[in-house]
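Novice: Below is the structure I would like to discuss, written out as structure tokens.
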Amino acid sequence: MVKAIFTILTVLVGGWWLTSCNSPFISKPKGYFEIALPRHEYKMFNEPGYPYRFEYPVYSKITKDSMFFDAKAENPWWINIEFPGLSGKIFISYKSLQSNNFDTLINDAYNLSYKHSIKAYSISDSLFRSSNGIPGVYFNVGGDAASASQFYLTDSTKHFIRGALYFEATPNEDSLAPVNKHVKEDLLHLINSFKWQ
Numbered sequence: 005m006v007k008a009i010f011t012i013l014t015v016l017v018g019g020w021w022l023t024s025c026n027s028p029f030i031s032k033p034k035g036y037f038e039i040a041l042p043r044h045e046y047k048m049f050n051e052p053g054y055p056y057r058f059e060y061p062v063y064s065k066i067t068k069d070s071m072f073f074d075a076k077a078e079n080p081w082w083i084n085i086e087f088p089g090l091s092g093k094i095f096i097s098y099k100s101l102q103s104n105n106f107d108t109l110i111n112d113a114y115n116l117s118y119k120h121s122i123k124a125y126s127i128s129d130s131l132f133r134s135s136n137g138i139p140g141v142y143f144n145v146g147g148d149a150a151s152a153s154q155f156y157l158t159d160s161t162k163h164f165i166r167g168a169l170y171f172e173a174t175p176n177e178d179s180l181a182p183v184n185k186h187v188k189e190d191l192l193h194l195i196n197s198f199k200w201q
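For the sequence shown, the residue numbers in the working numbering are 5 to 201.
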């Protein structure tokens, strides 16, 4: 009797299990994690001795950059603006036009931006004049490039500054789009609040 009940239960459970697996497979759409982006609030970077000042996001921190690849930075005014919660960094390099050739610096800025053309489907450079009247060029790089935003500012007589935004992630334009858009707004605020000392 127990054997018969066990057999009936096995057949019923097995039948239910076989019929429950006949629904068609539906693939899930591709998606990315939602990232909580901080509010756009700014504070002033105005350190004594630096030849420039600007506003930068309160959710970031500034560190001094003493190395350029394997060489020592040419002056003490190279900094990084780090975004710890977003794993990003804006590298800021300052050059004096008294000790550097203006045309060489411009060519270097273009060459460094266009090095991303291997992965980029577009690179646009836009001449601009900031809210404070400082001329420069903004590079917008489209595609899976390592840096989507780069710029330089200069007074063409004494000062030249270059900035590039990078994230510590595999370059993927789609997944980085919300963060790139958010930090780009902060980058444009930095550019428009920038002043020479």
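Even for Gly, the Cβ is constructed at its ideal location relative to N, Cα and C.
Just so you know, these numbers come straight off a predicted model, no measurement behind them.
(1) Starting from V141, trace the beta strand (DSSP E) both ways and give me its first and last residue.
(2) Return yes when the Cβ of Y56 is within less than 8 angstroms of the Cβ of Q201, no when it is not.
(3) Taking A150 as part of the alpha helix (DSSP H), name the residues at either end of that continuous run.
(4) Would you please state the rounded distance, in angstroms, between the beta carbons of I223 and I83? I believe it to be under 8 angstroms.
(5) I'd like the list of long-range same chain contacts for S70, defined as Cβ closer than 6 angstroms, with 5 residues on each side in sequence excluded.
(6) Evaluate the contact criterion for the segment 179-189 versus the segment 105-114: three or more CB pairs, one atom per stretch, below 8 angstroms.
(7) Can you give me the Cβ contacts of M48 inside the same chain, cut-off strictly under 6 angstroms, excluding the 5 residues immediately before and after it?
(8) Please state whether the Cβ-Cβ distance between L169 and L191 is less than 8 angstroms.
(9) Name, in chain order, the residues that DSSP records as bridge partners for K99.
(10) Can you tell which of S179, I30 and Q154 has the C-alpha that lies nearest to the C-alpha of N115?
(11) Consult DSSP for S70 and reduce its assignment to one of helix, strand or coil.
(12) If you follow the beta strand (DSSP E) that S179 is part of, which residue opens it and which one closes it?
(13) Does the beta-carbon of I30 have 16 or more other beta-carbons within 10 angstroms, so that it is buried, or is it exposed?
(14) Based on the DSSP secondary-structure assignment, which residues constitute the bridge partners of K47?
Specialist: This is what the structure holds:
(1) In the sequence shown, residue 141 corresponds to position 137, counting from 1. Start and end: P139 to G147.
(2) Translated into positions along the sequence shown, residue 201 becomes position 197. Translated into positions along the sequence shown, residue 56 becomes position 52. For the pair Q201 and Y56, the CB atoms are nearer than the 8 angstroms cut-off.
(3) By 1-based counting over the sequence shown, the position of residue 150 is 146. DSSP places A150 outside any alpha helix (DSSP H), giving it a letter other than H or E.
(4) Outside the displayed range of the chain (5 to 201) lies residue 223, so it cannot be described from this structure.
(5) The count along the sequence shown starts at 1 and reaches residue 70 at position 66. Within the same chain, S70 has close Cβ partners A77.
(6) No: the two stretches stay apart, fewer than three of their Cβ pairs being nearer than 8 angstroms.
(7) For the purposes of this step, residue 48 is identified with residue 44 of the sequence shown, where counting begins at 1. Counting only Cβ-Cβ distances below 6 angstroms, and skipping sequence neighbours, we find E59.
(8) Taking the first residue of the sequence shown as 1, we reach residue 169 at position 165. Taking the first residue of the sequence shown as 1, we reach residue 191 at position 187. Yes. Within cutoff.
(9) Within the sequence shown, the letter at position 95 stands for residue 99. Bridge partners of K99: F164.
(10) Looking up residue 115 in the sequence shown gives position 111. Taking N115 as reference, the option from S179, I30 and Q154 with the minimal CA-CA separation is Q154.
(11) Within the sequence shown, numbered from 1, the residue matching residue 70 stands at position 66. The DSSP-derived three-state label of S70 is coil.
(12) Along the sequence shown, one-based indexing puts residue 179 at 175. Segment E177 to S197 is the alpha helix (DSSP H) holding S179; no beta strand (DSSP E) there.
(13) Here the question's residue 30 lines up with position 26 in the sequence shown. Its Cβ having fewer than 16 others within 10 Å, I30 is exposed.
(14) For this step, residue 47 is matched to residue 43 along the sequence shown. Partner(s): Y60.
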